[in-house]
Amino acid sequence: MKPIKLFFVSLLLLSGLAQAEERKVVFDLTAGDSKRIEERIIGNIKYLSSYYKKHHIDFKAVVVISGKSYKFFVKDLANSPYKDDAALAKAQKKLAPMLKELSEKYQVRFDMCGAGMRSRKIKAESLYSFVHTDKMKYIYLIDWQNLGYAYIPI
Numbered sequence: 000m001k002p003i004k005l006f007f008v009s010l011l012l013l014s015g016l017a018q019a020e021e022r023k024v025v026f027d028l029t030a031g032d033s034k035r036i037e038e039r040i041i042g043n044i045k046y047l048s049s050y051y052k053k054h055h056i057d058f059k060a061v062v063v064i065s066g067k068s069y070k071f072f073v074k075d076l077a078n079s080p081y082k083d084d085a086a087l088a089k090a091q092k093k094l095a096p097m098l099k100e101l102s103e104k105y106q107v108r109f110d111m112c113g114a115g116m117r118s119r120k121i122k123a124e125s126l127y128s129f130v131h132t133d134k135m136k137y138i139y140l141i142d143w144q145n146l147g148y149a150y151i152p153i
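Residue 0 is where the sequence shown starts when you use numbering that gives the first Met the number 0, and the numbers rise one by one after that.
This is the structure we're talking about:
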């Protein structure tokens with residue numbers, strides 16, 4: 000009788016682990032304003048992560064990059080279409096460590112629209128290493144939403 004009881008207790012514990020709560024969001028980032036990125040992406044992801052952690056809920060975030068936001072994810076400005084943008088160079092000094100922190104500490108995934116990159120002549124090697132570029136925006140958004148990620152436009 001003991002082995003059967005142990006089996007059912009184990010099954011119950013495993014089913015509880017399998018049903019751990021999680022919240023998932025995909026941000027559709029098109030904004031070209033560094034302040035908006037700092038507040039709406041960086042600030043909100045940190046807040047949401049903290050909120051869900053307090054409630055013992057896993058939180059996952061993805062940022063899909065397109066529109067006017069490409070420039071904020073270019074590491075090597077000198078070899079990019081944005082080489083003469085002094086305001087961007089200043090913003091980059093502030094945003095770069097924050098974006099890196101989102102990637103490393105908060106496990107945020109950054110996906111950049113490959114089609115838009117090509118049309119803007121942005122080379123993959125000029126981007127931050129944590130930026131993925133293998134698909135176009137709509138494929139990223141469709142795939143993430145079909146995996147249960149809530150859609151939020153920025």
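Using N, Cα and C, we set each Cβ at its ideal position, and we do this for glycine too.
- Contact check for Glu103 against Phe58 fails: the beta carbons are separated by 9 Å or more.
- Here the C-alpha atom of Leu101 lies approximately 22 Å from the C-alpha atom of Lys122.
- Contact annotation: Tyr148 and Lys67 have beta-carbon atoms that are not nearer than 9 Å.
- Closest in C-alpha terms to Thr29, from the list Ile141, Ser65, Ile56, Gln91, comes Ser65.
- Leaving aside the five residues that flank Arg39 on each side, the residues in its chain whose CB is nearer than 6 Å to its CB run, in chain order, Ile153.
- Under DSSP, the beta-bridge partners assigned to Glu21 are Asp57.
- Secondary structure of Pro152 (DSSP, three-state): strand.
- Along the segment 122-150, the alpha helix (DSSP H) occurs as fully enclosed runs of 4 or more residues at 136-145, listed in sequence order.
- For the options Ile41, Cys112, Lys120, the alpha carbon positioned closest to that of Met135 is the one of Cys112.
- In this structure, Ile44 places its C-beta atom within 9 Å of the C-beta atom of Val107.
- Excluding sequence positions up to five before and after Ile41, its CB lies within less than 7 Å of the CB of Met97, Leu101, all in the same chain and listed in chain order.
- For Lys74, same chain residues with a beta-carbon under 7 Å away, outside a window of 5 residues either side, are Ser125, Leu126, Tyr127 in chain order.
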